[in-house]
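Per my numbering, residue -17 is the first one in the sequence shown, and the count goes up by one each step.
For each residue, glycine too, the CB sits at the ideal point set by N, CA and C.
To start, the structure under review is shown below, and the notes come after it.
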Amino acid sequence: MLDAAQSAVSGGRGMDEIKSHVLQDGDTAITVLSMGCAVMDWQVRDRHVVLGYAEADHYRQNPASMGVVCGRVINRIENARFTLKGREHVLPANGGAHHLHGGPGGLGWRNWKLEADGDRAMRLTIVSEDGDQGYPGRVAFEVVMWLDGGRLTWEMSGVPDRETPINLGQHLYFNLNGSGTICDHMLRVDADRFTPNRADLVPEGRIAPVDGTVFDFRQARRLDEAEGWDGNVVLNPSDDYVAEVTSPDGLQLRLWTDRPGLQVYTSNTLSHQLPEGPGATHRRYAGLCLEAQDLPNAVNVPAFGSIICSPVTPYRQVTSVEIL
């Protein structure tokens, strides 16, 4: 049975209380906040394998989108606008000229309702009203998270009252060493194609082979082989895991998803902005983000597939990450 009584970890006068719940199974313990559905800490073996902030209140600011579920639309929407049914919708531009991770007041900066279900599961819910961050339609969002051994699963859903774009994604920064950088990590991804970016990190609008590019992860490669990554690969359809990360001492991360895209980001611009939690120090290359999602800017690129959802075709994503 879901338990509405969680730990109150922060909140002052005039602020919604941020709540937390710890998912535990074996030697894995994961702390999740109601603010943005953020994974604040992930402890396995003798180390903390995600980056985080020292206090729950820091997630009210969270300039790096650290640990949260981003939305309504993760990644960039070109020129902060899209057209739906002949009407142009203008969104707040918070990534240069573009709309990034759902906007400055997106789901990652909102305090969700958190309901615990024992030591291994929880549910988070929120309603995003019509016009929120410029998006049409009222959407009831739900994120169910559960831990099985060392595998954490997110089941994300969104039910709108009219047609609207939805593309959620988790934004954890992983560091399997628990300190230092991820430059000595090995990454393999089952993807033959990618979406090349322009200089402003918006996709050009085409899908290209990874052959001969830095986005060819079909054979595991060290993450110091390029000057950082921030781009999306197109995953080969599979029921098996599609990405694998290995640390020098053999700790492994595997990722499963039903989404077609995976944004690979090596925290190229990360810096110390807020007090840090027990994981690695926040700096360039301190963390690896593997953001399962539909293809970025799809709302403006028909060839990338539709992300328009409706009452009869609601949004759903299932993504799992295992660290053992």
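Rounded straight-line distance, which links the Cα of residue j to that of residue i
i, j, result
"D114", "R266", "32 Å"
"D28", "I189", "41 Å"
"P293", "S139", "12 Å"
"R42", "G85", "14 Å"
"H83", "A122", "18 Å"
"E124", "F199", "32 Å"
"E70", "P260", "44 Å"
"V55", "P147", "7 Å"
"T195", "N149", "27 Å"
"A36", "A20", "13 Å"
"A151", "S110", "A quick correction: the sequence has Gly, not Ala, at residue 151. Using only the alpha carbons, I get a separation of about 16 Å."
"K67", "Y223", "37 Å"
"F64", "P284", "12 Å"
"A79", "D182", "9 Å"
"V341", "H81", "As shown, the chain starts at -17 and ends at 306. That puts residue 341 outside it, with no answer to give."
"L129", "T10", "9 Å"
Delimiting residues of the beta strand (DSSP E) encompassing residue i
i, result
"Q245", "G243 to Y247"
"R266", "Note, R266: premise wrong, no beta strand (DSSP E); not H, not E."
"W136", "R133 to P142"
"T228", "A225 to T228"
"V300", "Y297 to I305"
"E97", "K95 to D99"
"V281", "Looking at the DSSP string, V281 is not in any beta strand (DSSP E), and its letter there is neither H nor E."
"R170", "M168 to V171"
"W128", "V121 to D130"
"I0", "I0 to D7"
"R175", "R175 to T177"
"S110", "A103 to S110"
"L235", "Q234 to T239"
"G213", "D212 to V216"
Buried or exposed (CB count within 10 angstroms, at least 16 for buried), residue i
i, result
"H3", "buried"
"T248", "buried"
"V72", "exposed"
"G87", "exposed"
"T239", "buried"
"D268", "Looking at the sequence provided, one finds Ala at residue 268 rather than Asp. Result: buried."
"S16", "buried"
"Q201", "exposed"
"R366", "Outside the displayed span of the chain (-17 to 306) sits residue 366, for which this structure offers no information."
"E97", "buried"
"T177", "buried"
"K1", "buried"
"R204", "exposed"
"D(-2)", "exposed"
"T295", "exposed"
"G287", "exposed"
"G18", "buried"
"N218", "exposed"
Residue i at chain C interface by Cβ criterion, 8 Å
i, result
"R58", "The structure shown has no chain C; it contains just one protein chain."
Reference residue i; option with closest CA among the options
i, options, result
"P142", "N214, H80, P257 and D112", "D112"
"P26", "Q152, G8 and A181", "For the sequence presented, residue 26 should be read as Val rather than Pro. Looking at the Cα atoms, G8 is the closest of the given residues."
"L154", "L5, Q6 and W24", "W24"
"E186", "N279, N157 and E273", "N279"
"R241", "Y35, P178, N214 and G68", "N214"
"P322", "D130, S161, P74 and H167", "Residue 322 lies beyond the residue range present for the chain, which begins at -17 and ends at 306; the question has no answer from this structure."
"S253", "M48, D130 and T135", "M48"
"R58", "L66, P74 and N44", "P74"
"V31", "P296, T263 and L277", "T263"
"L233", "N157, E137 and S288", "N157"
"N282", "V303, G78 and N61", "N61"
"T251", "E209, E273 and A274", "E209"
"N179", "Q245, E145 and D222", "Q245"
"C291", "E258, V216 and Y117", "Y117"
"T228", "N159, V192, I289 and Q255", "N159"
"V126", "I108, G119 and R120", "I108"
"L169", "G287, T10, L272 and S288", "L272"
"L237", "L5, G34 and Q275", "Q275"
"A225", "D99, E304 and A46", "E304"
"R102", "L89, P45, Q299 and L5", "L5"
Residue i CB to nearest heavy atom of the ligand PLP below 7 Å
i, result
"L235", "Judged by which ligands are present, the structure shown has none, so any question about the ligand PLP falls away."
Where in the segment 13 to 89 do unbroken runs of the beta strand (DSSP E), each at least 3 residues long, occur, reported from the N-terminal end onward? Counting only runs of 3 or more residues that sit fully inside the segment 13 to 89, the beta strand (DSSP E) segments are 21 to 26, 63 to 66 and 69 to 72, in chain order.
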